[in-house]
Amino acid sequence: MSTTELEALAVQLGEKRFRGRQIAEWLYTRFVRSIDEMSNLPAPFRAKLNEVAVATSLTIFHKDAAEDGTIKYLAQLHDGEEIEAVYLPYENRVSICISSQVGCAAGCTFCATAQGGLARDLTAGEIFEQYLLLANENPGRRISHIVYMGMGEPLLNYEAVVGSARLLMQEAGLSARHITISTVGVVPGILRLAEEHEPITLAVSLHAPDDVLREQLIPTAKKWKLEQILDACKVYHQKTKRNLTFEYLLIGGVNDSLLQARDLAKVLGDIPGNVNLIPFNYVDTAQGFKRPKPDRIQDFRTTLEVGGRITTQRMERGHGISAACGQLKRTAGTIRVRNISPKLNVELTPVG
Ligand code: SAH
């Protein structure tokens with residue numbers, strides 16, 4: 013709930029409006045996890061609140077810390093479903109990676125989350141609360157950056173994701189440009205976000221320079237072609253003035269040839285934005301995917317840069333704690349397998 017909604021709740025329960033602001037202060041500034049800790053509220057009001065509301069809906073089910081400070085959380089929702097959220101401290105900022113759905117329906121062949129299918133959407137509150145939970149767990153440093161790169165496809169849960177981003181901006185004081193929504197390329201969602209003029213950073217998972225290979229890696233690519241996605245990216249840039257981030261997962265012998273690097277630079281044309289290379293994080297796949305050798309990653313990067321595209325490589329964090337999307341849930345959680353797409357077993361023809 014926003015502060016305004018909390019004020020309305022207080023009034024509805026027969027209290028003064030400012031009580032709502034006090035609740036917001038406990039939840040969003042002090043990050044308390046229960047109504048009973050809100051010690052400046054009168055006891056009868058706390059009792060009333062406890063009858064009609066809950067302060068939290070997530071509990072920590074499992075947690076893994078890596079030597080570099082990365083902490084991966086597996087959180088349980090009120091209905092027993094589980095989601096992942098990751099705390100990523102850097103020297104000059106703290107970032108967190110949050111989930112938008114329980115599981116995912118996109119079916120990407122390289123992704124651990126896809127292997128369990130989609131269970132349900134998260135609510136705006138459940139998405140926002142991942143921030144509150146990680147802030148409560150890690151006092152001392154302010155969380156300044158959020159990436160929607162955990163479980164799920166954010167733009168297939170549009171309302172809740174945008175609702176949670178608004179809460180992050182309004183209640184947590186995060187800047188829109190420090191919020192990154194990563195999408196597999198849901199064209200209507202990109203266009204809608206562009207229309208709503210939220211200057212949020214958009215990251216688009218490309219992973220292939222052509223539709224033939226992309227469809228083998230990402231089943232939803234059959235619905236939205238590269239050309240349509242890149243057109244939508246242009247609109248996004250025009251409307252929001254934000255540069256885009258193009259994510260490119262590198263899988264050895266599949267999409268890492270230098271010819272593909274050249275094609276990628278060509279396909280991107282003059283759309284403003286960087287390419288972020290993500291070496292494949294090991295997931296046991298039917299195709300036996302592996303990450304390319306470091307030399308190849310470097311050559312791929314150089315080729316893209318020669319093609320005029322500023323390129324970064326995703327900083328490796330949380331090695332040894334199953335930090336790739338969906339991995340912790342598969343090792344520590346009770347993943348339930350459902351809606352498995354038969355497309356997960358497509359044969360891939362190595363290219364290049
Ligand atoms: N559904 C959104 C966000 C989820 S994952 C999207 O597709 O963008 C965030 C990023 O991690 C995506 O680029 C995704 O393709 C990538 N990813 C998934 N599995 C991976 C793996 N095994 N290794 C490296 N990156 C992976």
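Numbering (my numbering) for the sequence shown: 13 to 364.
Note that beta-carbon positions come from the ideal geometry of N, C-alpha and C, so glycine has one too.
Quiz item: Does ligand 1 have even one heavy atom less than 7 Å from the beta-carbon of G164?
Solution: yes
Exercise. Could you tell me how far apart the beta carbons of K60 and G330 are, in whole angstroms, since I believe they sit closer than 8 Å?
Key: Going by Cβ atoms, the distance from K60 to G330 rounds to 43 Å, so no, they are not a contact pair.
Exercise. For my contact list, T257 and T213 are in at a C-beta cut-off of 8 Å; report their separation, rounded to the angstrom.
Key: 7 Å
Quiz item: From this set, P200, L229, S176 and S269, which residue's C-alpha is nearest Y248's C-alpha?
Solution: P200
Quiz item: Taking the continuous beta strand (DSSP E) assigned at N288, which residues delimit it?
Solution: G285 to P291
Quiz item: If we count Cβ pairs, one from each stretch, closer than 8 Å, do we get three or more for the stretch 261-278 versus the stretch 299-309?
Solution: yes
Practice problem: Compute the beta-carbon to beta-carbon distance between A177 and D133, rounded to the nearest angstrom, for a pair I have assumed lies under 8 Å. | Solution: 15 Å between Cβ atoms; not a contact.
Exercise. Within 10 angstroms of the Cβ of P291, are there 16 or more other Cβ atoms? Answer buried if so, exposed if not.
Key: buried
Quiz prompt | Three-way DSSP call (helix, strand, coil) for K237 in this model | solution = coil
Quiz item: What residues are listed by DSSP as bridge partners for T71?
Solution: Q88
Quiz item: Alpha carbon to alpha carbon, what distance is there between F140 and N255?
Solution: 25 Å
Quiz prompt | Spatial distance of C116 from I95 (CA atoms) | solution = 11 Å
Exercise. Flag this pair as yes or no: are the beta carbons of A411 and F312 separated by less than 8 Å?
Key: Lying before the first or after the last residue shown, residue 411 is absent from the chain, which here runs from 13 to 364.
Practice problem: Measure the alpha-carbon distance for A136 versus K75 and round it to whole angstroms. | Solution: 23 Å
Quiz item: What residue does the beta strand (DSSP E) around F258 start on, and which one ends it?
Solution: L256 to L262
Practice problem: Could you spell out where the beta strand (DSSP E) holding L100 opens and where it closes? | Solution: E94 to P101
Quiz item: Is the number of C-beta pairs between the stretch 190-210 and the stretch 155-165 that are closer than 8 Å three or more?
Solution: yes
Quiz item: Just checking, does the stretch 210-229 make contact with the stretch 183-190 on the three C-beta pairs under 8 Å criterion?
Solution: yes
Practice problem: Sort out for me which residues DSSP pairs G115 with in a bridge. | Solution: L130
Quiz item: Cβ of E328 versus every heavy atom of ligand 1: is any distance shorter than 7 Å?
Solution: no
Quiz item: Quick one: what does DSSP say L360 is sitting in, helix, strand or coil?
Solution: Summary for L360: the model assigns pLDDT 36, below 50, so the residue's position carries little reliability, and this model does not support an answer.
Exercise. Look at the alpha carbon of S107 and the alpha carbon of L70, and state the distance between them as a whole number of angstroms.
Key: 19 Å
Self-check item: Helix, strand or coil at H157 according to DSSP, with G and I counted as helix
Solution: strand
Quiz item: Any idea if T252 is buried or exposed, counting beta-carbon neighbours within 10 angstroms, 16 or more meaning buried?
Solution: buried
Quiz prompt | N293 beta carbon near ligand 1 (any heavy atom closer than 7 Å) | solution = yes
Self-check item: Cα-Cα separation, A36 to A126
Solution: 36 Å
Quiz item: Start and end of the alpha helix (DSSP H) containing Q24?
Solution: T15 to Q24
Quiz item: Expressed to the nearest angstrom, what Euclidean distance is found between the alpha-carbon atoms of A22 and M50?
Solution: 14 Å
Practice problem: Would you mind reading off the limits of the alpha helix (DSSP H) that contains A136? | Solution: A136 to E149
Quiz prompt | Residues near N148 in its chain [Cβ-Cβ closer than 7 Å; skip 5 each side] | solution = F43 and R45
Self-check item: Rounded separation between S14 and V66 - CA only
Solution: 15 Å
Quiz item: Taking 7 Å as the cut-off, is the CB of S194 close to at least one heavy atom of ligand 1?
Solution: yes
Quiz item: What residues in its chain sit with their C-beta under 6 Å from that of A131, if we drop five residues either side in the sequence?
Solution: E93, V114 and G115
Quiz item: Ends of the beta strand (DSSP E) at V106?
Solution: V106 to C109
Exercise. Report yes if the C-beta distance between V279 and L238 is below 8 Å; otherwise report no.
Key: yes
Quiz item: Just to check, is the beta-carbon of A220 closer than 7 Å to a non-hydrogen atom of ligand 1?
Solution: no
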